[in-house]
Structures are given as C-alpha cells and as structure tokens.
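S.K.: Sharing a structure with you now.
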Amino acid sequence: MGTHDGHRMRMRDRVRASGTESMQDHELLEYILFAFVPRRNTNEMAHALMDRFGSFADVLNADAEELDKVPGMTGNAALFLSVLPEIFRRYAASVSAKRPRFSGKNAVKDHIAGKMFGVPVETVCAAALDAQDGLLRFERLAKGTGDGVNLTPREVVQFALRSNAVSVVLAHNHPSGNARPSQSDFELTLRIADVLDGIGVKLADHIIFTDAGSYSFEANGLLGGAPKEEFR
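Counting along the sequence shown from 1, when you hit position 10 you're at -3 in my numbering, and nothing is skipped either side.
So this is what it looks like as structure tokens:
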C-alpha cells in the first residue's frame, strides 16, 4: 500500500468515526477530491485551491474553468466542485418541501434566507403570500452578472398576478457583505410598492441579505417613505 493510499484510508476511517465536523476546510476539500483524483496528492491540491480563491466558500463559488487551472485538478473535479452550491440548495429545498406548510413573516424570511445563502452574484427573489401570510410561491426574478442586477416593477407585478398573491416579500442579496440599502434600492422599492398597491397587492417587505445578516425595509419603517438623506 502506498503512502497516499494509507493516508486516504485513515481519512476515510476518520469520517466514518466522527463525520466531517472536526475537519478543517482544506481537509474537507481534500476528502471531496478523493473520488475525482485517484492517484495524486489531493492535500496539496486542496491547499492550492484555498490559496488561490481564499476560502472554502470561494472555492465552491468559482467557475469550473477557473478551478481547472489549479495544478493537478481534473475537469470532472472542477465541474463537481462548481455545482456543489446548487446541490446544497437543492437539498435544502427538498428538506423544506417535506415540512408542513408554513406561514408567518419569520418563517417566510427564514425560507428565503436559506434559498439565498451563499449565492455569489446579486440576485432578486420574491415570495408570494396569501391572506394568512402563507407562502404560495417563491421565484428568482432576476440575476446579475456581477455586483448589480436589473429589475423592473412590471416583473414583480407579473409575479404577483400569476401567483394570486395578497402580498409580496421582495428579497435580494448584497455579495459585498453590506446589507444596508442603497439610494437606488430605496427608490426602486417605493416604486414597486406603489405599482403593487395599484393592483391591490401589498409589498409586505423588502429584505436585503448577506451571508452574515439581513436588512428589512419593513422592520426599519421604510416602506412608507423616508428622507433621501438617510441613504446618502
């Protein structure tokens, strides 16, 4: 048995005994790569990935083409790592689907937070609610190509109408990590609220998410309007 074979066996025994909780990020990457890189030192590859992209999350959020540039990586390994975040979100959605139907602002907010966690580019989503604040539908309405995204009030209205919504919770993420709304966030939110009101639908909230927290327009009393100076 070679040195790498013995090391891999010890790591597999460790996972069988205690799972992955005790693993450092580079060790988890090393373990994941076992299945795709059978004859190379995946420990060195894992360190190279962390050095190049900066963190475990940034490795998984990287494009397959960029991952494949790391020495020792294979195309299959790069592709698998790049789709893991989508697999995680699919898993979370599947778990949620088995739960009893939920309602209430906090439950809806938690559901949206799970859908948006770790999304690397700015994305706008919306949740349609019934008269009891029960979730009717959740959709991604727009996705940016960098740190910005375009959304029109018309797209939100169309979503509300096809969902038969009584109210709508709008949500988007700030990949920068700063959850505070910009002036354009504030102005667009008020336009959307006004247009929805015209078709008898309430904008219940607009929530800005980061991986570290969130900002609620409703909780901060901004859906009724606020001085523009507050965002300068």
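Cβ coordinates follow ideal geometry from the N, Cα and C atoms, glycine included.
Just so we're clear, the structure is a prediction, and the values are computed from it rather than from any experiment.
Could you spell out where the beta strand (DSSP E) holding Ser203 opens and where it closes?
M.R.: Along the sequence shown, one-based indexing puts residue 203 at 216. First-last of the beta strand (DSSP E) with Ser203: Gly200 to Ser203.
S.K.: On the DSSP bridge assignment, give the partners of Leu66 in chain order.
M.R.: Counting from one through the sequence shown, the residue named residue 66 turns up at place 79. According to DSSP, which records beta bridges pairwise, Leu66 is partnered with nothing at all.
S.K.: Which residues mark the beginning and the end of the beta strand (DSSP E) in which His98 is found?
M.R.: Position 111 of the sequence shown holds residue 98. First-last for His98: Lys92 to Met103, but that is the alpha helix (DSSP H), not the beta strand (DSSP E).
S.K.: Any chance the region 17 to 27 sits against the region 61 to 70, with 3 or more Cβ pairs inside 8 angstroms?
M.R.: Yes: at least three Cβ pairs fall under 8 angstroms.
S.K.: Return the first residue and the last residue of the alpha helix (DSSP H) that Ala51 is part of.
M.R.: Within the sequence shown, residue 51 is the residue found at index 64, counting from 1. Its alpha helix (DSSP H) spans residues Ala51 to Leu54.
S.K.: Under three-state DSSP, which class holds Ala79?
M.R.: Translated into the one-based positions of the sequence shown, residue 79 becomes position 92. Note: Ala79 maps to helix in three-state DSSP.
S.K.: Note down the Cα distance separating Leu47 from His(-6), rounded to an integer number of angstroms.
M.R.: Sequence index remark: in the sequence shown, residue 47 carries index 60 (1-based). Sequence index remark: in the sequence shown, residue -6 carries index 7 (1-based). For Leu47 and His(-6), the distance between alpha carbons rounds to 24 angstroms.
S.K.: Since Ile194 sits in a beta bridge, which residues does DSSP pair it with?
M.R.: Within the sequence shown, residue 194 is the residue found at index 207, counting from 1. DSSP lists Ala158 and Ser203 as partners of Ile194.
S.K.: Just list the residues that DSSP pairs Phe125 with in beta bridges.
M.R.: Reading the sequence shown from its first residue, position 138 is the one you call residue 125. Answer is Ala114, bridged to Phe125.
S.K.: To which residues of the same chain is Lys96 closer than 7 angstroms at the C-beta, ignoring the five residues directly before and after it?
M.R.: In the sequence shown, residue 96 corresponds to position 109, counting from 1. Within the same chain, Lys96 has close Cβ partners Ile194.
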